[in-house]
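Read left to right, the sequence shown gives residues 65 to 169 (my numbering).
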Amino acid sequence: MTSKTQRRPRLAKGMNLMWALLVWLTTALATPLRVESGPIPSGHLAHRWFYLSTNLLVDANVSAAENLMRRAAASGYNGFVLADYKLNILDRMGPEYFKNARRIA
65 MTSKTQRRPR
75 LAKGMNLMWA
85 LLVWLTTALA
95 TPLRVESGPI
105 PSGHLAHRWF
115 YLSTNLLVDA
125 NVSAAENLMR
135 RAAASGYNGF
145 VLADYKLNIL
155 DRMGPEYFKN
165 ARRIA
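In structure tokens form, the structure reads like this:
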């Protein structure tokens with residue numbers, strides 16, 4: 065009698081990497097992040113900035129950005145990095161955009 069062994073199908077190249085990435089991503093997302101509230105101790109960092117990605121052409125976005133900036137200042141942040149695609153095309157922006165930009169400057 066011959067015994068037939070069943071072979072598992074082999075994963076295509078790159079599938080092992082995909083599974084490893086999936087496991088890593090699942091673990092990373094399931095791990096709780098430690099968040100401390102309150103002001104950062106003075107002298108700890110000279111520049112405490114946050115990243116702000118928004119569309120300054122929309123008035124509601126500027127109001128939300130102003131609120132976020134107030135909250136950040138209360139937590140010890142002293143600056144921000146602004147990301148807005150329209151900074152690349154300022155020559156095509158109307159006065160409304162610059163009025164809104166001045167609101168957060």
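Yeah, the Cβ is synthetic: ideal placement off N, Cα and C, and Gly gets one too.
Between the C-alpha atoms of Y115 and N125, what's the straight-line distance to the nearest angstrom? 15 Å
Around the Cβ of L161, are there at least 16 other Cβ atoms within 10 angstroms (buried) or fewer (exposed)? It is Tyr, not Leu, that sits at residue 161 in the sequence shown. It is buried - the Cβ of Y161 has at least 16 other Cβ atoms within 10 Å.
Less than 7 Å between C-beta atoms, sequence neighbours within five positions excluded: which residues of the same chain meet that for A169? none
Own chain partners of L146 with C-beta closer than 7 Å, once the 5 adjacent residues on each side are dropped: L116
To the nearest angstrom, how far is it from the Cα of L154 to the Cα of A128? 22 Å
Report the three-state DSSP secondary structure of Y149 (helix, strand or coil). helix
With distances taken between CB atoms, is the gap from N213 to D123 smaller than 9 Å? This structure cannot settle anything about residue 213, because the visible part of the chain is limited to 65 through 169.
Residues near W113 in its chain [Cβ-Cβ closer than 7 Å; skip 5 each side]: Y141, G143, F144, V145
Can you determine whether any heavy atom of the ligand MG sits closer than 8 Å to the C-beta of A137, and answer yes or no? No copy of the ligand MG occurs in the structure displayed, which carries no ligand at all.
Assuming E130 and R166 form a contact by the criterion Cβ under 8 Å, report the distance between their Cβ atoms to the nearest whole angstrom. With a Cβ gap of about 12 Å, E130 and R166 do not count as contacting.
Rounded to the nearest angstrom, what separates Y149 and G158 at their Cα positions? 15 Å
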